Amino acid sequence: MRHLLSTADLGREDAVRILDTAEEMSQVSAREVKKLPVLRGRTVVNLFFEDSTRTRISFEAAAKRLSADVINFSAKGSSVSKGESLQDTAQTLAAMGADAVVVRHPGSGAPARLAAAGWIGAPILNAGDGTHEHPTQALLDAFTLRRALAGLPASGPAEGDRARGAGLDGAQVAIVGDVLHSRVARSNVHLLRALGAHVSLIAPPTLLPWGVHTWPAEVFYDFDEALAAHDFDAVMMLRVQFERMHQSFFPNTREYTRLWGLTEQRYRRLPAHTAIMHPGPMNRGFEICASAADAERALILDQVENGVSVRMAALYELLTGDGTEAQQ
Ligand code: CP
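The opening position of the sequence shown corresponds to residue 44 in this note's numbering, with each subsequent residue numbered one higher.
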């Protein structure tokens with residue numbers, strides 16, 4: 044694997060291998076000394092043109108647990124404000140010795156452009172590009188769900204190998220909310236399908252992208268109809284991304300919560316086994332009520348914890364070449 048840009052390019056075999064490697068990494072994360080020497084002497088650059096809490100910090104933690112050095116770049120306060128381009132910024136950081144570059148950018152396709160242009164020789168990991176993809180988020184979601192479906196603790200060290208080698212065959216997953224602006228939704232649809240899950244997308248028609256009916260997912264406009272149609276293993280709520288909306292929001296906020304939110308009433312009606320997921324950050328009280336977000340069956344903090352192991356696995360694969368040539 045040369046780069047990690049998109050789950051659309053990731054086959055089942057690659058995905059299962061990364062999830063299995065992440066299982067190994069979760070054992071390291073559970074140790075008192077959370078370190079492996081495998082990337083000693085290597086440098087990982089976090090190149091963030093957009094804000095982040097979870098992704099940037101967990102890539103940093105992942106790189107450090109593999110003994111790599113980390114350089115954090117944030118566009119805010121950098122020479123980007125003076126007009127420096129993506130190419131010049133990336134090449135400047137590469138000149139300081141980057142062995143891998145983790146890129147978050149508001150422009151869909153920016154990490155792919157960096158990879159294809161050959162401006163820098165290092166592997167590129169997409170940490171979220173515009174409304175396009177967020178592959179490591181989808182991998183950590185799949186990891187968390189795979190654990191939960193195997194009856195294992197959703198995060199932390201897991202005894203035995205019940206989850207290893209498995210996909211998510213037959214799992215029923217609902218992805219609910221602002222699909223239009225969600226890179227998490229697109230990455231999850233591709234990955235969950237590759238792993239054998241059935242995906243339902245639930246959203247108001249105004250928050251679905253053009254061409255969504257060609258995606259490998261069932262589409263519902265009505266949350267309650269979808270809940271009646273399927274016995275979901277997981278309901279993944281999406282954040283409504285007001286910052287990407289350039290027109291007035293329709294439906295209005297009160298209608299949105301009532302019709303597409305995981306309200307107290309809807310949460311109480313979910314089957315007992317249905318896990319609650321959210322990639323974060325959450326709009327509490329808007330797309331998800333506090334009782335659901337804080338419920339015992341909510342996997343939201345497990346998703347965050349697993350993000351470190353999954354990103355360790357991705358960095359390990361790309362920097363040690365221990366993988367296949369799935370993505371050139
Ligand atoms: N889920 C996610 O990408 O969160 P951050 O924006 O905090 O990185």
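Glycine is no exception: its CB is placed at the ideal position from the N, C-alpha and C atoms. Only a predicted model underlies this, so the values are computations on that prediction, with no experimental measurement involved.
At least one heavy atom of ligand 1 sits closer than 7 Å to the Cβ of Pro-324. Taking each of Gly-84, Pro-178, Ser-117, Ala-141 in turn and checking the Cα distance to Leu-53, the smallest one comes out for Pro-178. The DSSP-derived three-state label of Gln-284 is coil. Under the DSSP assignment, Met-68 falls in the alpha helix (DSSP H) whose first and last residues are 55 to 72. Taking the Cα of Asp-142 as reference, the smallest distance to any Cα among Gln-130, Ser-122, Ile-163, Gly-152 is reached at Ile-163. Within the same chain, Cβ atoms closer than 7 Å to the Cβ of Ser-151 are found at Asp-172, Gly-173, Thr-174, His-175, the five residues on either side in sequence being excluded. In the displayed model, Arg-207 falls within coil according to three-state DSSP, outside both helix and strand.
Sequence-distant Cβ neighbours of Thr-50 in its own chain, meaning closer than 6 Å and more than five residues away, are Pro-178, Ala-181, Ser-230, His-233, Leu-234.
Note that the C-beta distance between Val-222 and Leu-251 is below 8 Å. About 15 Å separates the Cβ atoms of Ile-218 and Leu-313, ruling out a contact at the 8 Å cut-off. Checking the DSSP bridge columns, you'll see Ile-343 has no partner listed.
Given a length threshold of 3 residues, each whole run of the beta strand (DSSP E) inside the segment 163 to 226 is given here in chain order: 167 to 172, 215 to 219.
No residue range can be given for Ile-331, since it is assigned to no beta strand (DSSP E) and is classified by DSSP as neither H nor E.
About 6 Å separates the beta carbons of Ser-72 and Ser-352, which is inside the 8 Å limit, making them a contact pair.
Under the three-state reduction of DSSP, Asp-112 is assigned to strand. When the alpha-carbon of Met-355 is set against those of Arg-55, Asp-57, Lys-78, Glu-56, the nearest one is in Lys-78. Contact check between the segment 299 to 306 and the segment 327 to 343: three or more CB pairs, one atom from each, fall below 8 Å, which counts as touching. Membership of Leu-136 in the alpha helix (DSSP H) is indicated by the continuous run 129 to 138. Residue environment: Met-44 is assigned as buried (16 or more neighbouring CB atoms within 10 Å of its CB, all protein chains considered).
Contact holds between the segment 59 to 70 and the segment 334 to 352, because three or more Cβ pairs, one in each stretch, are under 8 Å apart. Assigned with DSSP and collapsed to three states, Arg-85 falls in coil, not helix or strand. Residue state for Met-325 is assigned as coil, using DSSP reduced to three classes. Bridge pairing for Ala-143: Val-87 [DSSP].
By the Cβ test, the segment 100 to 107 is not in contact with the segment 132 to 139, since fewer than three Cβ pairs between them sit closer than 8 Å.
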